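From first to last, the protein sequence lines stand for chains B and D. All the letters of the first sequence, read from the start, carry residue numbers 3 to 342 under the working numbering. All the letters of the second sequence, read from the start, carry residue numbers 3 to 342 under the working numbering.
Number of protein chains: 2
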Amino acid sequence: MNLKQLSNILGISQTTVSRALNGYPEVSEKTRALVLAAAQKHNYLPNTKAQALATGKSKMIGFVLPMASQHEMLNPIFGDFMAGAAQTYRTQGYDTHFALTENNKQAETYRDMHAKGSVDGVIVQAPRENDERVAILKELGLPFVVHGRATGKNDYHYVDVNNTHAFINATNFLLDLGHRRIALINGNEELDFAIRRNHGYTQALKDRGIEADPKLMFSSEMTEHFGYETMNKLLAMDQPPTAAVASSYTLAIGIRRALGENGLRIGKDFSVVIHDDDLSYLRNGEAQPVFTATRSSIREAGQLCAQILMDVIDKPDQKPKQIVLEAQLIVGSSTGPVPQ
Amino acid sequence: MNLKQLSNILGISQTTVSRALNGYPEVSEKTRALVLAAAQKHNYLPNTKAQALATGKSKMIGFVLPMASQHEMLNPIFGDFMAGAAQTYRTQGYDTHFALTENNKQAETYRDMHAKGSVDGVIVQAPRENDERVAILKELGLPFVVHGRATGKNDYHYVDVNNTHAFINATNFLLDLGHRRIALINGNEELDFAIRRNHGYTQALKDRGIEADPKLMFSSEMTEHFGYETMNKLLAMDQPPTAAVASSYTLAIGIRRALGENGLRIGKDFSVVIHDDDLSYLRNGEAQPVFTATRSSIREAGQLCAQILMDVIDKPDQKPKQIVLEAQLIVGSSTGPVPQ
DNA sequence: AATTCTTTTCAAAGCGCTTTGGATTTGCCA
DNA sequence: TGGCAAATCCAAAGCGCTTTGAAAAGAATT
């Protein structure tokens, strides 16, 4: 069923049918009702491709996920983020165009998407320092919103968590409990968020006159295994730390496993504060949080990014919208005073 | 840059340029080289919308994810599955059209996608018994592949894990170790895979003359919390089981937490076999598996589904391709003989 | 009833591509 | 050199929609 057929059935021109459907005022309410009813009845929906071609708008948002070929490690947060975003798009008739790309070809993928006219805007994930994608998207004039911040220049739209502050808080919380040797188990420090968390951690220690000890600082992909392995290394030290801040829930699961295997109780013998993205399928407890954490919903970030992006698509030339979310410190049972 | 402009630059007709680009034989290799070079130079890529309109093929695969409004629980496996699928699509120029939908409106979303002409085929996830989506897609004539099986009729393409067999194996493994009271911690038993796992578990017990005890069988959404809660319930029993089979890694994390808090060692005091989807961001150990598990890569399933779907789009009328993957039993350190 | 102004409708062009059917050029042979 | 087939190329139609500019119908004014 297409426009032509529908208009034939109705005995009305395509123009009028199209206008009736799209809510233009130049059509009487009577015929509009007629058209709407017929469309409903015949299950007619405009062909998006034709619509896109005619209007020049694809009503699609691009979402590019790098394959991260090294370890085949897919960003575990992307599902929730994307769902949050898609949920918001829907309200305005946008859908998501999802593309996988090799790790170092993200920029190229955006360029192609634009050249092929398949999206009206894109979201940039996990920015690095002076991320090239930002430059390219600007050059192309393709609307975009960054989830996170690409250090360097700041003249674009973004939604980010205040990572520095979150990790200052997390570290302070442990310091207040009396801990002095505190480890950092961080994500890959090529990524902006990890850099900021490192800064927060270092800063908090410094403010209490403690020099951050590089031997207590670890950074890699945030897997359960990395958490496990690192915790084992820490326990094997001559003078093990009494606490750690970790960048994700998955890391914490590994940490807890290592502690358990060594007969140590989390929150008693060793304290852990994590950053909790509030993933829908990996909740940090239900009513009561399991781990003490700085929490910030990744899904909410997705919603905000989507909101801004749609706004920018609508009105391209506005001054950068920049949202920094504060993570909430929630206290679970993974922390306690320094064991005597 | 579009075809017209490109052909003007070259001083060649649009027809020839289009044909050169699409590898038709009616164009000399010399001009083809010329065209290709120019396209490259001017960063030309055909507008997908126009292409889709002209050819009637959108080169898009639909992927519908229910929001699961109740608990906002997003299927944690979907990321890996989708990535596997997308990886395969790419090789043949397909991209993914991703849409969120309310839980009970999946069928409608497929119908809309078809009416709007935005996809050439779709993948159906997490089928239920006699899933309505299958019927609708057949009626629409929209190519589809089911990931899993919708019990009921079997006249469609699918890729599934042999869930029954996997759980027979898992249960047998524990029986062989001497366990007799074995719990089942399963996913939501409205879903086909969970039903089959239940059958496998029940069957294995029965084959050893053991009646499955409903008090040891639990089923819900596969969250860490559900695993934790259930394990606590089990431990509180008069006569607790000595082992459990669990349907996912996330459940196992909760189980381990409960055991740890009760001072019990997994694999010594209590044995657990899980089903492991081999998620990229939640690996069950690296070189050595942590949990004894029936393992089947969800990413691989995604790849297979994609492969079949593209094939079916190409040649719609073929007899159902049905692949049943056997899960591999891998032995980790979460199982051991019955404690004395 | 004649004129003007609104309201409602329509035909046709255009979005950027593919593809059919026909035209032109080239190569080969006699 | 002429003739014919094969190799190249092209103009134009069509995919399903939106939108412009104009026409037809209806309402209002004199």
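In this text, a Cβ means the ideal position worked out from N, Cα and C, and glycines have one as well. These figures come from a predicted structure and were not determined experimentally.
At least 9 Å separates the CB of aspartate 271 of chain B from every CB of chain D.
Following the DSSP letters along the chain, one finds leucine 186 of chain D inside the beta strand (DSSP E) bounded by residues 184-188. By a beta-carbon distance limit of 8 Å, aspartate 278 of chain D contacts threonine 296 of chain D. Their separation comes to about 7 Å. Pairing alanine 172 of chain B with arginine 199 of chain B, the inter-Cα distance amounts to about 10 Å. Per DSSP, tyrosine 46 of chain D has no beta-bridge partner at all. Among the CB atoms of chain D, none fall inside 9 Å of the CB of isoleucine 11 of chain B.
9 Å or more divides the Cβ of asparagine 77 of chain B from the Cβ of valine 326 of chain B. The segment 281-297 of chain D makes contact with the segment 248-264 of chain D: 3 or more CB pairs, one atom from each, lie closer than 8 Å. Looking at B:Gln89, B:Phe65, B:Ile79, the one whose alpha-carbon comes closest to that of aspartate 122 of chain B is B:Phe65.
Using a Cβ distance threshold of 9 Å, isoleucine 268 of chain B and serine 335 of chain B count as a contacting pair. Here glutamine 309 of chain D is buried: its Cβ has 16 or more other Cβ atoms, across all protein chains shown, within 10 Å. For phenylalanine 65 of chain D, the closest Cβ of chain B is nearer than 9 Å.
The Cβ neighbour count for methionine 84 of chain B, taken over all protein chains shown within 10 Å, is at least 16; the residue is labelled buried. Here tyrosine 160 of chain B is buried. Its C-beta has 16 or more other C-beta atoms within 10 Å. The segment 73-117 of chain B is shown to contain whole alpha helix (DSSP H) runs of 4 or more residues at 80-92, 108-117, in chain order.
When rounded, the separation of the alpha-carbon atoms in glycine 119 of chain B and histidine 116 of chain D is 21 Å.
In the structure shown, histidine 167 of chain B falls within a helical segment according to DSSP collapsed to helix, strand and coil.
Residue D:Thr337 holds the alpha-carbon nearest to the alpha-carbon of threonine 244 of chain D among D:Glu213, D:Thr337, D:Leu193.
Ranking D:Ala52, D:Thr17, D:Tyr46 by CA distance to the CA of alanine 56 of chain B puts D:Ala52 first.
Listed in chain order, the alpha helix (DSSP H) runs fully inside the segment 179-257 of chain D are 194-209, 226-237, counting runs of at least 4 residues. Proximity of the segment 88-107 of chain B to the segment 38-45 of chain B falls short of the contact definition, fewer than three beta-carbon pairs being nearer than 8 Å. The segment 257-265 of chain B makes contact with the segment 216-232 of chain B, as at least three CB pairs between them are under 8 Å. Under the three-state reduction of DSSP, glycine 262 of chain D is assigned to helix.
Taking 9 Å as the cut-off, the Cβ atoms of proline 48 of chain B and leucine 12 of chain B do not count as close.
Nearest in C-alpha terms to glycine 287 of chain D, of all of B:Glu226, B:Ala35, B:Gln127, is B:Glu226. Counting only runs that start and end inside the segment 124-174 of chain D, the alpha helix (DSSP H) elements of at least 4 residues fall at 134-142.
In the DSSP assignment, leucine 331 of chain D falls within the unbroken beta strand (DSSP E) covering 330-332. Residue pairing for alanine 295 of chain D: DSSP places it in a beta bridge opposite D:Ile276, D:Ile332. When DSSP states are grouped into helix, strand and coil, glycine 304 of chain D belongs to the helix group. A contact is defined here as three or more CB-CB pairs under 8 Å, and the segment 211-219 of chain B meets this definition with respect to the segment 179-198 of chain B. With respect to chain D, the C-beta atom of valine 275 of chain B has no partner C-beta closer than 9 Å.
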